[in-house]
Amino acid sequence: MAHRHEVTLQPSKLTLGPVGTRTGIAGLLVGVIALGAAALLGLKEGPARVHFFHSYLFAFSVFLVISFGSLAYVMIHYLARVGWSVSIRRLAEALSLNMFLLAILVLPLLAGMHDLFPRWFDEHSRHVDDALRDKSGYLNPTFFFIRLVAYFAIWGGLAAFFAGKSKQQDRTGDPKISTLMERVAMPGMWLFAFSLTGFAFDWIMSLNPYWFSTMFGVYIFAGCMLSMFATIVLLSLFLKSRGLIGDAINHEHYHDLGKWLFAFTFFWGYIAFGQYMLIWYANIPEETQFFVPRQFGVYASLSLLLLIVHLVIPFPGLISRHVKRRNGVIAFWAVWSLCACIFDLWWMIIPNEWINQIPAAVGHPTMPISDALPLLANSPTDMYNIGARHAEFIPVMNYPLQPMSLLVTALCLLGIGGLYLFSTMLALKGRSLVPLRDPRLPEALAFENM
Amino acid sequence: MWGYLAEYETPGEILHAAEQVRDAGFTKWDCFTPFPVHGLDNAMGIRKTILPWIVLCMGLTGLTIAITLQWYVNSPYTQSASLYVLSGYPLTISGKPYWSLPANVPVMFELTVLFSALTTFYGLWTLIRLPRFHHPVFSVARFRRVTDDRFFLLVEAADEKFEAGVSRTLLERTHPSAIDEVKD
């Protein structure tokens, strides 16, 4: 006899307790040790140093993007007055509070600005080049740092506001707090959209300052939402496996989170292909310079692999309802999606460490990258094979794929990941795992997919 | 007689009644509610629809048509004079090969979506046997409140298990607020 399910909250399961302390301390230890090891291995002169900072930026972006997604999700939640996901929202709030950790973790990058942005960061190289001189009103260190401070002020402010008000509602149960947050969410969403695009332009797109794509902010946003939903699925399943939360998050919620994973998997494909196709058919050197180096040698296979891992496999994999309603299966696809997002950021950021060296490799250090590419290639009509004249560039290109370099990248990822886990546990520690007195909570508890 | 129509006042009552009718083994019966009632699908023992599989097949058909169409219209001229009519219209556009997949993806996407969407829409109408302009339940005056605050359960006389007196007793045991005979 199938009855509709009734969910009652079990207050004893809604505080994190010793699980959080243990996990948090483990995360902190792993984080500090891994980051220390990465710095020890990576902070040498030459390519190792450049690789370290690119790896660090990559690992930093992976986790920043998760917090971006969480912040956007909390705001969308209020904008749309969502009912079903109230019991999930506390996890998103905790993840968005990690902005404060990330504001600290961004500081080491400031020591590597010349390694990350060799073409526009110092005055001299900016002024030998028309394109970069024209962009220098935006791409200059002063304005860059002003923007960076503004971004973290916006993200930290919004995250603290929504998480703080929601915690206050746990005590007072005042529905007016919800309406206040609905009002703030609208301008908040505007600020968020602009600052997210700004971050994507500043820290990822300007690694190759000659290239531009107006779709880039949206591209990053697709990754934000996908990696955030994957993280929330994994975090909540982890907490449930430790006997927390109870039925407040059940397979009905995982069904909807699975729909989101599916939606953003396809959204990423749509955006990524849209960006690729427009650049491909216009075939203008200053636009194709993003894709051409990523089709050299091994990177051609990696680019295809990205398409397969990020879209071709998870699309049919996530389509079925039965997949989304089984905890083990949805956990598998959440891990898969998270890995796809991580690979996507790796593919965007890491190759720049050698792309920026192409002009020097062809003997014209001040030449724009798009002009240097045909000189590196076998011939202008066969852009994807590096000719005999520049065979010595192949090891430079494959440097990030060497075991030692991959280790540094992995240590950075593990290190920032450990600290991120620590900070998440810290944020969850002081509050109930479910917003207890949110006026829409009963809706979430009774939620059922038709 | 076309069937019995039982009226209930709460979602809980109709859920309970639906479980009993389901367990009695009826197949030709239905519930009518003013809003979606959680758990009613299970209480009625409704099987999963085959619509997604039809949509999948038609989506793949659309995809195949899109690929074939674009491959054919971009195919180079044949050398054979007798097959000349079968050749396509190859055009050189910005130096791309005649047959290059990225350019074809938008059409592949659109035709897949178009075929899937139309199949979903018309497939649903076919499966639930719409449009129909009249249904015997409308002859019961009480049934008008189905769009407002009453819940109805209809057992059709065409059902194999249906026996006028017995079925009426079955419905009476579920405590409806009223039972009406539906006339043709």
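Residue numbers (my numbering), protein chains in the order written: chain A, 1 to 450; chain B, 451 to 634.
Cβ coordinates follow ideal geometry from the N, Cα and C atoms, glycine included.
Since the model is a prediction, treat every value here as computed from it, not as a measurement.
Item, Value
"Residue closest to A:PHE238, alpha-carbon to alpha-carbon, out of A:LEU9, A:VAL19, A:GLY258", "A:VAL19"
"For A:LEU95, the nearest candidate out of A:ALA410, A:SER423, A:SER125, A:GLN402 (CA to CA)", "A:SER423"
"Member of B:VAL596, B:GLY538, B:VAL557, B:LEU603 whose CA lies at the smallest distance from the CA of B:ILE629", "B:LEU603"
"Contacting residues, own chain, Cβ-Cβ under 7 Å from A:LEU445 (five flanking each side not counted)", "VAL7, SER87, ALA248"
"Residue from B:VAL563, B:LYS478, B:CYS507 whose Cα sits closest to the Cα of B:MET494", "B:LYS478"
"Under 7 Å from the C-beta of A:ASN283: neighbouring residues of chain B", "SER544"
"Minimum Cβ-Cβ distance from A:HIS3 to chain B less than 9 Å", "Note that A:HIS3 has pLDDT 46, beneath the 50 cutoff, so the model's placement of it is unreliable and no number is given."
"Exposure label - B:HIS488; buried when at least 16 CB within 10 Å", "buried"
"Chain-ordered chain A contacts of B:VAL555 [CB-CB under 9 Å]", "PHE273, MET277"
"Inter-stretch contact (C-beta, 8 Å, three-pair minimum) for the segment 379-397 of chain A and the segment 287-304 of chain A", "yes"
"Cα-Cα separation between A:VAL292 and A:LEU376, rounded to whole angstroms", "11 Å"
"Between the CA atoms of A:ILE358 and A:LEU373 - distance to the nearest angstrom", "7 Å"
"C-beta atoms of A:GLY415 and A:ALA38 nearer than 9 Å", "yes"
"Where B:PRO552 meets chain A, residues with beta-carbon distance less than 9 Å", "PHE273, TYR276, MET277, TRP280, TYR281"
"Interface flag, B:ASP480 vs chain A, CB-CB below 9 Å", "no"
"A:LYS13 and A:GLY243 closer than 9 Å at C-beta", "yes"
"Classification of A:HIS114 by the beta-carbon crowding that lies within 10 angstroms, buried from 16 upward", "exposed"
"For A:ILE177 and B:ALA456, the rounded distance between their alpha carbons", "45 Å"
"Short Cβ contact (9 Å threshold) for A:LEU101 with A:TYR384", "no"
"Segment contact flag, the segment 65-79 of chain A with the segment 222-236 of chain A, C-beta cutoff 8 Å, min 3 pairs", "yes"
"Interface residues of chain B facing A:GLU448 [CB-CB closer than 8 Å]", "HIS488, GLY489"
"Whether B:VAL601 touches B:ILE464 by CB criterion (9 Å)", "Looking at the sequence provided, one finds Phe at residue 601 of chain B rather than Val. Their beta carbons are under 9 Å apart, which means B:PHE601 touches B:ILE464 by this criterion."
"Beta-carbon contacts of B:ASP598 that lie in its chain and below 8 Å, excluding the five residues immediately before and after", "PRO484"
"Within 9 Å, strictly: CB atoms of A:ALA272 and A:LEU235", "no"
"Close Cβ partners of A:LEU302 (< 8 Å) along its chain, the five nearest in sequence each way excluded", "ARG294, TRP347"
"Contact belief for B:ALA516 with B:LEU561 at Cβ below 8 Å, rounded distance in angstroms", "4 Å"
"Whether A:ALA103 touches A:GLY156 by CB criterion (9 Å)", "yes"
"Alpha helix (DSSP H) segments (min. 4 residues) lying fully within the segment 154-199 of chain A", "175-199"
"The alpha helix (DSSP H) enclosing B:TYR458, as first and last residue numbers", "Unbroken run through B:TYR458 is the beta strand (DSSP E), 453-458; no alpha helix (DSSP H)."
"Local conformation of B:ILE598 per DSSP, three classes", "Per the sequence shown, residue 598 of chain B should be read as Asp rather than Ile. Of the three classes helix, strand and coil, the one that applies to B:ASP598 here is coil, per DSSP."
"Range covered by the alpha helix (DSSP H) that runs through B:ASP473", "461-473"
"Within 9 Å, strictly: CB atoms of B:ASN554 and B:LEU541", "no"
"Distance, B:VAL557 Cα to B:GLY512 Cα", "10 Å"
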